[in-house]
Amino acid sequence: MVYKIELNKRQQKIIEIVKDHGPITGEQIADQLDLTRATLRPDLAILTMAGYLDARPRVGYFYTGKTGSQLLTEKVKKIKVAEFTSMPVVVQDSATVYEAICTMFLEDVGTLFIINKNGHLAGVASRKDLLRASMGKQEINSIPINIIMTRMPNITYCYKEDFLLDIAHILIEKQIDGLPVVKRSQNESGLEVVGRITKTNITKAFVELAHDEIL
Numbered sequence: 010m011v012y013k014i015e016l017n018k019r020q021q022k023i024i025e026i027v028k029d030h031g032p033i034t035g036e037q038i039a040d041q042l043d044l045t046r047a048t049l050r051p052d053l054a055i056l057t058m059a060g061y062l063d064a065r066p067r068v069g070y071f072y073t074g075k076t077g078s079q080l081l082t083e084k085v086k087k088i089k090v091a092e093f094t095s096m097p098v099v100v101q102d103s104a105t106v107y108e109a110i111c112t113m114f115l116e117d118v119g120t121l122f123i124i125n126k127n128g129h130l131a132g133v134a135s136r137k138d139l140l141r142a143s144m145g146k147q148e149i150n151s152i153p154i155n156i157i158m159t160r161m162p163n164i165t166y167c168y169k170e171d172f173l174l175d176i177a178h179i180l181i182e183k184q185i186d187g188l189p190v191v192k193r194s195q196n197e198s199g200l201e202v203v204g205r206i207t208k209t210n211i212t213k214a215f216v217e218l219a220h221d222e223i224l
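The opening position of the sequence shown corresponds to residue 10 in the working numbering, with each subsequent residue numbered one higher.
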């Protein structure tokens, strides 16, 4: 989880003391504020965890020199796909276009991930793909989804270890709604779909970033 922190007056004062006198021990900071070390400990923990201060054993606290916006940017860059992955919606490559449309409607998603009989990613079908197929004179009850899907290897995908900001750039650049999150199968013969990352997931990440607070 990524947090936004709003400093109280005591925390702001601690930062000023460390700026002026760092490196400085917790006991020395407590003396300047006329507080006990135990009283100060939660504030120091918050400021260190948030990145305003750093601490070194037997040396003390020192100011990192980073502004709130710089710290926020660093946190954004560290968010991994795994933190905001949703459950994937998959259909077999033997399903018909009609069945795929029903699945998309019932699951309320913008992209379906198509898997083969081995459970490996074989293709992707978007709302536009299904709409295009349904607008023709073809019989969608008999057309296999694998006829209209985008096939491997022409699919963009990502891993849980990827950074969310990088995936956001890909979604914007390629003008797509979402990507399958994959992992290599045990025998390395294909990619297993383990999640999905969408524009909605990314929006959720930045909303949480803006509103979550450390108490």
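For every residue, glycine included, the Cβ atom is placed at its ideal position computed from N, Cα and C. As the structure is a prediction and not an experimental result, all values here were calculated from the model.
Residue environment, residue i, which counts as buried when at least 16 other CB atoms sit within 10 Å
{"i": "PHE122", "result": "buried"}
{"i": "VAL99", "result": "buried"}
{"i": "THR207", "result": "buried"}
{"i": "ARG205", "result": "buried"}
{"i": "VAL216", "result": "exposed"}
{"i": "PHE114", "result": "exposed"}
{"i": "SER103", "result": "exposed"}
{"i": "VAL190", "result": "buried"}
{"i": "ILE181", "result": "exposed"}
{"i": "SER135", "result": "buried"}
{"i": "ALA54", "result": "exposed"}
{"i": "THR48", "result": "exposed"}
Alpha helix (DSSP H) segment containing residue i, residue limits
{"i": "ALA177", "result": "173–183"}
{"i": "GLY35", "result": "35–42"}
{"i": "LEU56", "result": "46–59"}
C-beta contact flag for residue i and residue j at 7 Å
{"i": "THR159", "j": "VAL133", "result": "yes"}
{"i": "THR165", "j": "LEU188", "result": "yes"}
{"i": "ILE26", "j": "TYR61", "result": "no"}
{"i": "ARG50", "j": "GLU36", "result": "no"}
{"i": "GLN21", "j": "ASP52", "result": "no"}
{"i": "ILE156", "j": "ALA109", "result": "no"}
Unbroken beta strand (DSSP E) run spanning residue i, endpoints
{"i": "VAL106", "result": "Counting along the chain, VAL106 falls outside any beta strand (DSSP E), though it belongs to the alpha helix (DSSP H) covering 106–116."}
{"i": "ASP102", "result": "Run containing ASP102: none; DSSP gives neither H nor E here."}
{"i": "ARG256", "result": "Residue 256 lies beyond the range of the chain shown here (10 to 224); nothing can be said about it."}
{"i": "VAL133", "result": "130–135"}
Beta-bridge pairing of residue i - partner residues as DSSP gives them
{"i": "SER143", "result": "DSSP lists no partner for SER143."}
{"i": "PRO189", "result": "ARG205"}
{"i": "SER95", "result": "ARG205"}
{"i": "ILE149", "result": "BP columns for ILE149 are empty, so no partner."}
{"i": "ARG160", "result": "GLY132"}
{"i": "ILE123", "result": "VAL100 and GLY132"}
{"i": "TYR70", "result": "ILE33 and ALA64"}
Own chain, CB closer than 7 Å to residue i, minus 5 neighbours either side, in chain order
{"i": "VAL118", "result": "VAL98"}
{"i": "ALA64", "result": "THR57 and TYR70"}
{"i": "GLY9", "result": "The chain is shown from 10 up to 224; residue 9 falls before or after that span and cannot be answered."}
Sequence-distant residues of the same chain with beta carbon closer than 8 Å to residue i, five excluded per side
{"i": "LEU174", "result": "VAL85, LYS86 and ILE88"}
{"i": "MET96", "result": "GLY204 and ARG205"}
{"i": "LEU224", "result": "Since pLDDT at LEU224 reaches only 35, below the 50 mark, its modelled position is unreliable, and no value is offered."}
{"i": "LEU130", "result": "PHE122, ILE123, ILE124, MET161, ILE164, TYR166, PRO189, VAL191, GLY199, LEU200, GLU201 and VAL202"}
Same chain, Cβ closer than 6 Å to residue i, neighbours up to 5 away in sequence not counted
{"i": "VAL68", "result": "PRO32"}
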